[in-house]
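In this note's numbering, the protein residues as written are 2 to 164.
Using N, Cα and C, we set each Cβ at its ideal position, and we do this for glycine too.
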């Protein structure tokens, strides 16, 4: 069991370095505490925030309520009509989603979206979603952000582990 946790952590750290992410994306069956690691998006007034360390149970479900995904407004100006979407790219299934600072507008097993009419300066928007990893060594989600009042690309990258 300890060997598999070490292998998972190493694979997650290598993947994070390859993707140039600020936090390491690793799943461990051991006693890892959940935390959020921001990832800066070049030229955008937002940071993408996600769970960087988490535990999974023997059935592949993320413990402690699931994973957190969100955005944080770095500027003092508000952003209008903001939608943040997380979409399954590989081996991830979503359950119930709980919004933080907005309202969940779309939720399926493969996609979750949260919306806010006006994201105030220095405010955050996101959700905690119950998550099932079909393969704990290889998983990936894609981030999409829409809004008015900024010049950001819609596709904001991905997060995950494995090839």
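| Query | Result |
| --- | --- |
| Segments assigned beta strand (DSSP E), at least 3 residues, entirely inside the region 73-146 | 80-91, 93-101, 104-108, 112-120 and 125-134 |
| C-beta neighbour in chain E for residue 150, strict 9 Å | The structure shown contains no chain E; it is built from a single protein chain. |
| Check whether residue 55 and residue 128 have beta carbons under 9 Å apart | no |
| Status (buried if at least 16 other CB within 10 Å, exposed otherwise) for residue 152 | exposed |
| Contact belief for residue 159 with residue 61 at Cβ below 8 Å, rounded distance in angstroms | 20 Å between Cβ atoms; not a contact. |
| Candidates 155, 110, 142 and 157, of which the one nearest residue 98 by Cα | 110 |
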